[in-house]
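Remarks on the structure that follows.
Number of protein chains: 2
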Amino acid sequence: MKNVKIGLIGFGTIGAGVVKILTENAEVIQQRLGASPCIGKIADLDITTERGVRVESGVLTTNVDEVLDDPEIEIVIELIGGYEPARSFVLKAIQNGKHVVTANKALLAKHGEEIFSAADEKGLGIGFEAAVGGAIPIIRSIREAFAANRFSAIEGIVNGTANYILSKMSDEKCDFQTALQEAQEKGYAEADPTFDIEGVDSAHKIAILTRLAYGAPISLEEITVEGITSITPEDIECAGEFGYRIKLLAISKYDGQAIDVRVHPAMIPVGHPMASVNGVLNAIRVCDDLMEENILVGHGAGSLPTGSAVVGDVMEIVRNSLVGAGTRVPAQSFQKTAPIPLKNMDEIESEYFLRFRVKDVPGVLAKISGILGNHSISIESMIQRGRDDNGKGVPLVMMVHRSNEKNVQDALIEIDRLDVVCGKSNLIRVEN
Amino acid sequence: MKNVKIGLIGFGTIGAGVVKILTENAEVIQQRLGASPCIGKIADLDITTERGVRVESGVLTTNVDEVLDDPEIEIVIELIGGYEPARSFVLKAIQNGKHVVTANKALLAKHGEEIFSAADEKGLGIGFEAAVGGAIPIIRSIREAFAANRFSAIEGIVNGTANYILSKMSDEKCDFQTALQEAQEKGYAEADPTFDIEGVDSAHKIAILTRLAYGAPISLEEITVEGITSITPEDIECAGEFGYRIKLLAISKYDGQAIDVRVHPAMIPVGHPMASVNGVLNAIRVCDDLMEENILVGHGAGSLPTGSAVVGDVMEIVRNSLVGAGTRVPAQSFQKTAPIPLKNMDEIESEYFLRFRVKDVPGVLAKISGILGNHSISIESMIQRGRDDNGKGVPLVMMVHRSNEKNVQDALIEIDRLDVVCGKSNLIRVEN
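If you're matching them up, the sequences are chains A and B in order.
So for the first sequence, my numbering puts the first residue at 17; every next one is plus one.
So for the second sequence, my numbering puts the first residue at 17; every next one is plus one.
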């Protein structure tokens with residue numbers, strides 16, 4: 017049975033998972049693959065910390081070139097994350113004729129064009145199933161299972177940290193800070209959680225999916241990104257009363273003319289399968305002209321789920337290699353990519369959930385609904401609760417019919433200037 | 017750009033969908049594939065009925081050998097369904113060196129061993145993504161995305177007709193016959209719905225998934241199959257009160273020793289994503305040692321969803337062919353299959369929902385709970401409703417803690433002999 021030597025750069029949580037899988041599941045891997053992928057070298061700055069997996073002596077090195085320049089290594093797995101030096105390592109691996117597997121969404125979102133082109137030019141495989149949705153087979157599904165389909169929308173709960181926090185706030189009626197702190201204690205959130213809670217990580221992932229789905233390169237700066245830090249327990253409670261759950265969604269829609277790509281909290285009807293995707297689970301919904309919708313749900317992070325996607329990609333590359341093929345499927349799904357115009361956020365239309373904090377005095381609703389009406393926004397339903405006992409105002413929430421984003425934003429600015437309104441109003445878009 | 021000629025056997029609903037996709041989505045297919053798959057011949061007994069898609073003259077034939085013996089045809093798509101003559105056609109196509117794509121679950125469930133071996137021996141591709149779950153990429157995911165994983169369970173809502181009927185009964189509180197009739201009127205159920213409502217179609221599909229997941233051939237006769245015809249509106253209502261939805265599940269579990277494979281109605285907690293999979297949607301849940309669970313949801317039937325899976329398989333074969341490979345992945349996921357013992361249904365353990373119809377007299381509960389206790393079955397909760405106005409008895413339903421199947425079956429036989437029990441009792445297993 018053929019041995020295939022693998023080099024691993026980055027021996028953190030996922031790296032240790034990959035080594036564990038290649039060791040402990042070696043038998044089933046061989047039974048399916050007819051070959052034996054094994055770790056040849058592991059490069060990391062820290063080669064002394066115990067990772068809980070057995071590694072043969074001489075395998076660990078602090079010198080990444082021992083991986084990149086080793087002629088016996090056919091596949092390089094990059095798991096250090098971030099833009100640099102990951103970019104340089106991946107490009108050098110390709111330059112040296114090695115296939116690459118990476119879980120690095122930031123890298124592919126920012127430098128995808130350069131990396132995919134380099135791999136395609138050399139006829140080398142680049143596997144990145146682990147970069148979006150962890151164990152969820154979304155990359156493979158878009159590139160292969162749905163290869164004949166014209167996509168109209170990709171929507172995903174693609175950040176487990178944010179989903180854990182929102183689920184916690186929803187189930188336990190706690191506030192954002194409490195939920196974040198518990199996520200950090202449980203290891204679901206980093207010490208610096210900015211990328212997760214501000215939606216940046218989700219933006220990386222939707223940029224990658226946009227490229228694959230429509231064949232369009234997209235730059236990160238063009239994506240409208242709103243995080244979950246302004247979501248309150250009241251929002252979640254009112255959403256529930258209106259029949260919705262709040263999720264951080266990464267959205268990419270294409271109407272054949274322009275792409276509408278954004279990341280923000282959104283209200284999903286409770287009866288929809290994605291509304292029940294809670295905790296650290298991820299879910300990605302794909303819509304197209306043929307199959308209407310397909311939803312994939314699974315663990316989007318973690319050592320073994322993400323490791324399983326990495327090893328699946330390694331096995332795909334070995335399978336190609338065994339039949340003498342470098343690569344079968346273009347890295348970006350299309351033979352060639354071509355820019356597609358982006359829709360301006362001002363142009364989108366949606367139903368909205370609006371939350372105001374208002375003084376508990378007569379005539380408030382008349383003033384607010386008057387301004388909404390002037391901006392062609394019509395109210396579908398409304399809840400006003402409690403009395404103002406502490407002078408901080410009372411919450412007033414409403415659902416409004418399908419409206420234009422700019423109209424809603426303009427109306428909110430105007431409403432926030434009213435003397436009966438205390439503090440900044442908030443909106444949450446509805447995705448049906 | 018290379019043209020790849022395809023022969024189609026069976027020009028029904030899905031066949032017409034495939035032709036429509038290859039025609040209308042030709043541009044995106046070429047942009048992704050770098051080749052152009054096109055229909056060379058279509059064989060069907062009926063070549064006069066209008067299918068709503070344009071076919072060039074000379075393409076249609078009633079003589080299947082014009083497809084099977086055409087040297088220009090590289091890929092044969094079999095869409096006639098059933099065991100024979102589908103089996104002979106597929107084997108002859110392979111004999112003649114043609115790759116095969118099929119949506120025929122009955123054929124692969126019964127003759128999989130013969131067909132997969134024939135394809136593997138000739139080094140030809142056999143695509144059957146459309147055979148299970150329509151547009152849901154479950155075959156590809158098990159064979160490729162989760163290739164390193166040791167599966168412990170596959171559970172699926174894999175029959176859209178049964179799911180439509182149960183959803184209808186649940187949403188509209190109607191009985192089985194009314195829901196079935198509406199399914200037939202809407203075209204979701206055949207004139208003879210036996211295979212769908214009795215669970216046979218689901219058994220075909222779980223047999224295929226069992227083979228792929230564990231590398232074990234399995235004969236259809238070994239699968240315990242119960243349909244949905246005995247589910248009543250009362251069952252559904254009580255399930256709701258206990259916090260569950262009733263779904264027809266195809267289940268295949270493997271504990272490393274034996275496989276437990278069965279098809280029956282099951283209660284799923286309302287908060288689980290699969291409980292919200294309603295109407296004609298299908299869902300398949302995969303559990304393993306690495307990623308915990310992965311759930312795929314989508315349309316399991318219909319012209320375009322199923323057609324999209326067929327064309328996806330065609331594109332995969334063309335991609336292999338373009339790099340000079342016949343096939344990369346073993347048809348059955350494993351290089352070799354080997355039998356695994358099956359668990360006897362008597363041995364399984366589950367929580368159960370039990371429904372009795374009893375006389376409205378004192379002492380009934382004591383008698384029933386006494387028998388359950390004697391069989392080591394302990395009651396978790398109970399609902400008894402209404403008074404006996406028409407002498408037909410009143411429903412008594414209960415949830416019981418984890419128990420052995422044989423104990424429960426024996427207890428029900430004994431309970432049904434009680435003079436206070438009117439009619440046959442029913443059980444529904446709980447899947448958490």
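From the three backbone atoms N, C-alpha and C, an ideal C-beta is built for every residue, glycine too.
Sheet register partners of residue i (DSSP bridge)
{"i": "isoleucine 89(A)", "result": "Lys21(A)"}
{"i": "alanine 266(B)", "result": "Gly172(B), Val279(B)"}
{"i": "isoleucine 304(B)", "result": "Note that residue 304(B) corresponds to aspartate in the displayed sequence, not to isoleucine. According to DSSP, aspartate 304(B) bridges with Phe167(B), Glu308(B)."}
{"i": "proline 411(B)", "result": "Arg373(B)"}
{"i": "serine 186(B)", "result": "BP columns for serine 186(B) are empty, so no partner."}
{"i": "valine 437(B)", "result": "Val374(B)"}
{"i": "arginine 48(A)", "result": "Its beta-bridge partners do not exist; DSSP assigns none."}
{"i": "serine 366(B)", "result": "Ser419(B)"}
{"i": "glycine 28(A)", "result": "Looking at the DSSP assignment, glycine 28(A) forms no beta bridge with any residue, so it has no partner."}
{"i": "glycine 314(B)", "result": "Asn310(A), Asn298(B)"}
{"i": "asparagine 79(B)", "result": "Note: asparagine 79(B) sits in no beta bridge, so no partner."}
{"i": "isoleucine 63(A)", "result": "Beta-bridge pairing links isoleucine 63(A) to no other residue."}
{"i": "glutamine 400(B)", "result": "Leu412(B)"}
{"i": "glutamate 57(A)", "result": "According to the sequence provided, residue 57(A) is lysine. The question's glutamate does not apply to it. Gly23(A), per the DSSP bridge assignment."}
Min CB distance residue i to chain A below 8 Å
{"i": "isoleucine 45(B)", "result": "yes"}
{"i": "valine 106(B)", "result": "no"}
{"i": "alanine 223(B)", "result": "no"}
{"i": "alanine 164(B)", "result": "yes"}
{"i": "methionine 185(B)", "result": "no"}
{"i": "leucine 228(B)", "result": "no"}
{"i": "proline 355(B)", "result": "no"}
{"i": "asparagine 175(B)", "result": "no"}
{"i": "glycine 50(B)", "result": "yes"}
{"i": "glutamate 308(B)", "result": "yes"}
{"i": "isoleucine 275(B)", "result": "no"}
{"i": "isoleucine 37(B)", "result": "yes"}
{"i": "serine 168(B)", "result": "no"}
{"i": "alanine 341(B)", "result": "yes"}
{"i": "asparagine 336(B)", "result": "yes"}
C-beta neighbour in chain B for residue i, strict 8 Å
{"i": "phenylalanine 132(A)", "result": "no"}
{"i": "glycine 449(A)", "result": "This structure gives no information on residue 449(A), because the portion of chain A shown stretches from 17 to 448."}
{"i": "methionine 414(A)", "result": "no"}
{"i": "valine 313(A)", "result": "yes"}
{"i": "glutamate 332(A)", "result": "yes"}
{"i": "glutamine 351(A)", "result": "yes"}
{"i": "alanine 161(A)", "result": "yes"}
{"i": "glycine 287(A)", "result": "yes"}
{"i": "valine 327(A)", "result": "yes"}
{"i": "leucine 320(A)", "result": "yes"}
{"i": "arginine 403(A)", "result": "no"}
{"i": "asparagine 41(A)", "result": "yes"}
{"i": "isoleucine 152(A)", "result": "yes"}
{"i": "glycine 203(A)", "result": "no"}
Expected contact under 8 Å - CB spacing of residue i and residue j to nearest Å
{"i": "valine 174(B)", "j": "lysine 221(B)", "result": "4 Å"}
{"i": "alanine 266(A)", "j": "glycine 389(A)", "result": "In fact, because the Cβ distance is near 33 Å, the residues do not count as touching under 8 Å."}
{"i": "valine 326(B)", "j": "isoleucine 91(B)", "result": "The Cβ separation is near 10 Å, so there is no contact."}
{"i": "glycine 316(A)", "j": "valine 286(A)", "result": "Contact doesn't hold; Cβ gap of about 22 Å is too wide."}
{"i": "glutamate 430(A)", "j": "isoleucine 387(A)", "result": "5 Å"}
Whether or not the segment 354–367 of chain A and the segment 70–77 of chain A are in contact is what I'm after, with contact meaning three or more pairs of Cβ atoms, one per stretch, closer than 8 Å; do they touch?
no
Give a yes or no on contact between the segment 102–120 of chain B and the segment 347–364 of chain B, applying the rule of three or more CB pairs nearer than 8 Å.
no
Do three or more CB pairs link the segment 290–300 of chain A to the segment 180–199 of chain A at distances below 8 Å?
yes
Segments assigned alpha helix (DSSP H), at least 4 residues, entirely inside the segment 121–164 of chain B:
121–138
If you pair each beta-carbon of the segment 236–245 of chain B with each one of the segment 140–152 of chain B, do three or more pairs fall below 8 Å?
no
Quick test of the definition: if touching needs 3 or more C-beta pairs under 8 Å, does the segment 20–36 of chain A touch the segment 81–95 of chain A?
yes
Take every Cβ of the segment 152–160 of chain A, pair it with every Cβ of the segment 128–135 of chain A, and state whether three or more of those distances are shorter than 8 Å.
no
Are three or more beta carbon pairs between the segment 266–277 of chain A and the segment 161–170 of chain A nearer than 8 Å?
yes
Tell me, please, whether the segment 378–389 of chain A touches the segment 428–440 of chain A by the rule of three or more beta-carbon pairs shorter than 8 Å.
yes
Touch test, the segment 337–344 of chain B against the segment 341–349 of chain A, Cβ-Cβ under 8 Å, three pairs minimum:
yes
Taking 8 Å as the cut-off, does the segment 201–211 of chain B touch the segment 298–306 of chain B (at least 3 CB pairs, one atom from each stretch)?
no
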